[in-house]
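Anchor point for the sequence shown: position 2 equals 3 in the numbering used here, and the numbering is continuous, going up by one each time.
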Amino acid sequence: MKRLTLADCFDPTGERFGIPTFPWRCAPNDLATRRQLRSRGLRPGGQDIAAQILRPRRRREPLTAYLYRVDLARPVRPMTPGRWRAHEAMMRARRRCPECDADAGYVIPPTLGTCVTCAYPEEQRAA
């Protein structure tokens, strides 16, 4: 693939990429990413992607972020007591070590698969 430059990423009509495309940090103010919407207390609310922003990188594919229209965004749904219970149960399961069946007090890294004490028992004995 031909390496993109910052100028190649400017396609506000969508002729080249199929949807309007802007360079990184050059999107119009009426469009926002999911994170930007969330910081404003909004969510996309089922709307289609309105545009994208591209950030060229050397020797790799460009970074892509999808943009949504702010005027069509809906408010974030509030956390109900049932959702809080489900979230707490999910986090409790992520803290439980399958080896020793103890609550580690932190989310167990997926790379280890067990708590640090079970993953490195010889280092724990030395301490």
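Backbone N, C-alpha and C fix where the C-beta goes; we use that ideal spot for every residue, glycine too.
Practice task
Check whether the Cβ atoms of F18 and D12 lie closer than 7 angstroms to each other.
Solution key: yes
Handout entry: Cβ separation of A33 and Y69, assumed to be a contact under 8 angstroms, to the nearest whole Å
Key = 6 angstroms
Exercise for the section: Output yes or no for whether 7 angstroms exceeds the beta carbon distance between R44 and V71. Expected result: no
Handout entry: Proximity winner among E62, G114, P57 and Y67, relative to D49 (alpha-carbon distances)
Key = Y67
Practice task
Name the one or two DSSP bridge partners that F11 has.
Solution key: DSSP, once it has assigned bridges, lists no residue as partnering F11.
Problem - Candidates G114, A51, L73 and T6, of which the one nearest P21 by Cα - result: A51
Exercise for the section: Quick one: grab the DSSP three-state call for A105. Expected result: coil
Practice task
Out of E16, Q53, P57 and I109, state which residue places its alpha-carbon closest to the alpha-carbon of L5.
Solution key: P57
Handout entry: Residue span of the beta strand (DSSP E) that contains E16, given as start and end
Key = Premise fails: E16 is in no beta strand (DSSP E) and is neither H nor E.
Problem - Residue from G106, V117 and W25 whose Cα sits closest to the Cα of P63 - result: W25
Practice task
Give me the Cβ distance between L7 and G46, rounded to the nearest whole Å; I'm assuming they're in contact under 8 angstroms.
Solution key: No, L7 and G46 are not in contact; Cβ-Cβ is about 31 angstroms, not under 8 angstroms.
Handout entry: Presumed contact (8 angstroms Cβ cut-off) between C101 and I109, rounded CB distance
Key = Between I109 and C101 the Cβ distance is about 11 angstroms, and since that is not below 8 angstroms, they are no contact.
Handout entry: Alpha-carbon spacing of A87 relative to N30, whole angstroms
Key = 36 angstroms
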